[in-house]
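The sequence shown maps to residues 267 to 556 in my numbering.
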Amino acid sequence: MNTRHDMRNLGMSILLLIVVGCTTTSHAPTDLPLRASSADGSEIHYGVRGKGDLTLVFIHCWTCNHAFWNRQVEYFERDYRVVWLDLAGHGESGSQRTQYTMRGFGEDVAAVVNAIGAERVILVGHSMGGPVAVEAAELLGDRVIGIVGVDTFYTDFEYPRDEAKIAEFVKPFENNFTGTSQYLVRSMFTAHADPETIDWVVSQFSGDRRDMGVSAMYEIFRWNADNVPAILQRNAARLRNINGAPTGKETAHDPSVTLIPQVGHFVAQAKPDAFNQALEHIIVDDLARH
């Protein structure tokens with residue numbers, strides 16, 4: 267018996283198993299950072315978790331990043347393919363642009379959806395992510411079976427409607443971007459919110475990206491001033507909404523709206539369990555049936 271020869275064969279067999287194992291799992295869902303190229307060449311940082319024929323794409327809000335959806339990614343990856351991303355100029359994504367329009371951000375999302383070859387998609391967008399989701403849906407067409415706006419459409423917030431009013435609103439951010447942004451964010455929570463959650467959300471804002479933040483804020487307001495009535499009507503069949511109800515006494519402004527009581531603007535972060543249940547209901551009992 268040649269012990270050395272047997273050990274050598276055993277070693278080769280183990281190595282072969284490792285190699286085969288690596289190659290056969292190379293297409294498995296991954297949370298490793300991936301890159302897609304947007305229409306203007308900006309590199310978009312994204313990741314994929316879970317599997318299934320239905321893909322959920324989570325789109326963050328103004329000056330935020332993909333980590334805002336951590337609790338949702340963890341929850342929904344059990345039943346669906348889940349995609350997170352950083353829009354251009356946010357998080358770990360690059361940027362080739364100086365003007366941050368909702369259409370440009372929509373192209374970022376479309377680039378990721380195209381990169382993974384998704385055919386049945388639900389886009390979930392918080393705040394600015396709502397307009398971004400709509401723009402992405404316009405680009406992706408029938409592949410998007412649903413859009414879920416999170417505290418973005420049918421809210422009580424009154425957007426400025428002309429350039430002078432928009433400039434007046436944005437001016438404090440131009441003068442003191444970090445301080446004004448942090449004040450704004452803290453004001454969007456109710457007294458019921460966990461202080462640690464508030465501090466975490468504030469810490470995640472891109473306070474050092476003034477030019478991007480100011481440009482995007484101008485464009486959010488312009489988009490809402492120009493598009494909302496027609497956009498909502500055009501997408502009514504596939505648009506659903508989950509909004510915060512700070513006092514718990516608010517009433518929904520549209521049948522498409524689900525209200526989460528005792529929560530402000532950051533619905534998914536302040537009340538992740540209630541939000542996840544509401545979103546799951548919308549997916550399972552409504553949009554996924556289309």
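Backbone N, C-alpha and C fix where the C-beta goes; we use that ideal spot for every residue, glycine too.
For this session: List the residues that DSSP assigns as beta-bridge partners of Y312.
Result: Listed as beta-bridge partners of Y312 by DSSP are L300 and L351.
**Prompt:** Are three or more beta carbon pairs between the segment 368-382 and the segment 297-312 nearer than 8 Å?
**Reply:** Contact between the segment 368-382 and the segment 297-312 is present: 3 or more CB-CB pairs across the two stretches fall below 8 Å.
- Query: Using the rule of at least 16 other Cβ atoms within 10 Å of the residue's Cβ for burial, across every protein chain shown, is F471 buried or exposed?
  - Reply: A residue is called buried once 16 or more other Cβ atoms fall within 10 Å of its Cβ, and F471 is buried on that count.
C-beta contact flag for V468 and R452 at 8 Å:
Contact: yes.
| request: Could you name the residues of the same chain whose beta carbon sits closer than 6 Å to that of G412, not counting the 5 residues immediately before and after it, in chain order? | output: Here the set comprises I388, R504 and L553.
When we look at the beta-carbon of H458 and count the other beta-carbons within 10 Å, is it buried (16 or more) or exposed?
With fewer than 16 other beta carbons inside 10 angstroms of its own, H458 counts as exposed.
Query raised in the report: In three-state terms, what does DSSP make of P426?
Result: Coil, per DSSP.
Does the beta carbon of I413 sit closer than 8 Å to a beta carbon anywhere in chain C? The structure shown has no chain C; it contains just one protein chain.
Checklist entry - What's the call for W466, buried or exposed, on a 16-neighbour Cβ count within 10 Å? => result So W466 counts as exposed.
*Compare the Cα-Cα distances from G510 to each of G395, H531 and D422 and report the closest residue.*
When only C-alpha atoms are compared, the closest one is H531.
C-beta atoms of Q528 and T463 nearer than 8 Å:
Between Q528 and T463, the C-beta spacing is not below 8 Å.
| said: Tell me the DSSP secondary structure of G266 in three-state form. | reply: Residue 266 lies beyond the residue range present for the chain, which begins at 267 and ends at 556; the question has no answer from this structure.
| Own chain, CB closer than 7 Å to M483, minus 5 neighbours either side, in chain order | These residues qualify, in order along the chain: W328, V436 and F439.
Problem - Whole-angstrom distance between H556 and G445, CA atom to CA atom - result: Cα to Cα, G445 sits roughly 45 Å from H556.
Problem set entry | Closest Cα partner of H628 within the set P397, Y420, R337 and V390 | Residue numbering for the chain in the displayed model covers 267 to 556; residue 628 lies beyond these limits and cannot be assessed.
Around the Cβ of T291, are there at least 16 other Cβ atoms within 10 angstroms (buried) or fewer (exposed)?
Its pLDDT being 30, under 50, T291 is placed unreliably by the model, and the measurement read from it follows with that caveat. T291 comes out exposed.
_Suppose the cutoff is 6 Å on Cβ atoms and the five residues either side in sequence are ignored; what does the same chain contact list for I549 look like?_
So the list is empty, once near-sequence residues are dropped.
- Query: Of all the alpha helix (DSSP H) runs that stay within the bounds of the segment 314-382, which reach a length of 4 or more residues?
  - Reply: Along the segment 314-382, the alpha helix (DSSP H) occurs as fully enclosed runs of 4 or more residues at 336-342 and 368-382, listed in sequence order.
**Item:** Spatial distance of F541 from N331 (CA atoms)
**Value:** Here the alpha carbons of N331 and F541 stand approximately 18 Å from one another.
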